[in-house]
Amino acid sequence: MTVEFSPLEDLEEQVDQCLDSFRSHYWIAKHKLYVQCDWCPMDVNKTGLVYSIPYAFDTFNFVDGSQSKSSSPCNLNNKSRNSSKIVHYTHNKIDFSKFSILDPVEFVNIRHLKIRLPFNDIFWSHIPRLDQLISLDVKLSQNFGYSQLQTFLDRAPNLYLLRFCHLNNFSMKSFGINSRSIRRLEFFQNFQVRLKYFNSEECTILSNSSLAAQCEVLLIDVESRTDILQLINVMPNLRALSVRPKDNESNQLQSWEITENLIEWLHKNLPSNYTYSITRNFYNLARINIWISTAS
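Following this line, the structure appears as structure tokens:
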């Protein structure tokens, strides 16, 4: 649970008071429950995260520069959270070197990671290994560190899914990255206004990239329905495509009719050396799902 601390009092003293409330006979002797509090010294919101230990969940939200204390005897370090398989990692631009780390965190079993790039070098002290990582959510910013992403991918030999969370100013430079293991690419919006649609030139850059050559599953928004044909024609291993053409956007009633027209148009224009199953997306009528297989 999230605890709000007073900005007018010493933060660590408030953390100690919070933990003391869990050191009673009721919690320790009767329920055998110990808790841990994580907080960031420079957090302007003055909040802390309190949870029972050993940590029992797969997902952990981590902010670099965080400090930890627990209600356990001698403030025993809780290493169970280090085994979390899904980590949402938030980095700070503040220099935390002057703060002592009471409970160092090192995640070694991560399979799913969500992060915003660029990040500072402290990241590697918390996440030194990426050999078990299979999916990565990357939030892009305008000053995106492309070389840092490539370094990241080089350390993740088993990464299957790369998901870009992007704004409408998404840069095509990211298509220059390489990975031998990625088979699924997703380009999704950070919010549902001023949507970014890939134009024909951008689709060409994507389809000619090394990532696209090995991609089997693709989620993307495109300017025109003809861009769908381009992607399917050029990407040799594509077997599933979830796509939303800009010319398919309209209100709910019109979307149904336009999507029907699009599906019919695709069946007439898709290359005949494949067979297709085309359906509407249940959650977004403007989006369609295409399953592709080699014609028998």
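Mapped onto my numbering, the consecutive letters of the sequence shown carry residue numbers 55 to 350. Note that CB positions come from ideal geometry on N, CA and C, so glycine has one too.
By the neighbour-count criterion, in which 16 or more other beta carbons inside 10 Å mark a residue as buried, Pro299 falls on the buried side.
Under DSSP, Lys322 forms no beta bridge with any residue. Short of 6 Å from the beta carbon of Glu240, and not among the five residues preceding or following it, lie these beta carbons of its own chain, in chain order: Arg217, Leu273. When the alpha-carbon of Phe229 is set against those of Leu215, Tyr200, Glu58, Phe242, the nearest one is in Tyr200. In the three-state reduction of the DSSP assignment, His85 falls in the coil class, being assigned neither a helical nor a strand state. Trp93 and Phe116 have their C-alpha atoms roughly 10 Å apart. Under DSSP, the beta-bridge partners assigned to Thr329 are Ser347.
Of the residues assessed, Tyr337 falls on the exposed side of the cut-off, its CB having fewer than 16 other CB atoms within 10 angstroms. Spanning the alpha carbons of Asp275 and Leu190 requires a straight line of approximately 20 Å.
For the 8 Å CB-CB criterion, Ala340 and Thr313 form a contact.
Apart from the 5 residues on each side of it in sequence, Thr333 sits with its Cβ closer than 6 Å to the Cβ of Asn343 in its chain, given in chain order. According to the DSSP secondary-structure assignment, Gly102 is paired through a beta bridge with Val57, Trp93. For Ala266, the uninterrupted alpha helix (DSSP H) run begins and ends at 264-268, by DSSP.
Per DSSP, the continuous alpha helix (DSSP H) segment holding Asn287 begins and ends at 279-288. Under the three-state reduction of DSSP output, Phe336 falls in the coil class, being neither helix nor strand.
Fewer than three Cβ pairs drawn from the region 265-272 and the region 247-256 lie within less than 8 Å of each other, which leaves the two stretches out of contact. Across the structure, Leu65 and Gln186 are spaced so that their CA atoms are roughly 36 Å apart.
Spatial neighbours of Leu260 in its own chain (CB-CB distance under 6 Å, excluding positions within 5 residues in sequence) are listed in chain order as Phe229, Ala266.
Val98 and Ser125 do not touch by the CB rule: their CB atoms are close to 26 Å apart, not below 8 Å. Around the beta carbon of Gln121, 16 or more other beta carbons sit within 10 angstroms, so the residue counts as buried.
Nearest Cα to Asn253 within the set Met226, Ile236, Pro290: Met226. Here the alpha carbons of Lys100 and Arg279 stand approximately 49 Å from one another. With distances taken between CA atoms, Phe224 lies nearest to Glu256 out of Ile176, Glu256, Asn232, Val57. Looking at Asn315, Trp345, Ile317, the one whose alpha-carbon comes closest to that of Tyr328 is Trp345. A distance of 8 Å or more separates the beta carbons of Ser233 and Leu215. Beta-bridge partners of Phe252 (DSSP): Val276.
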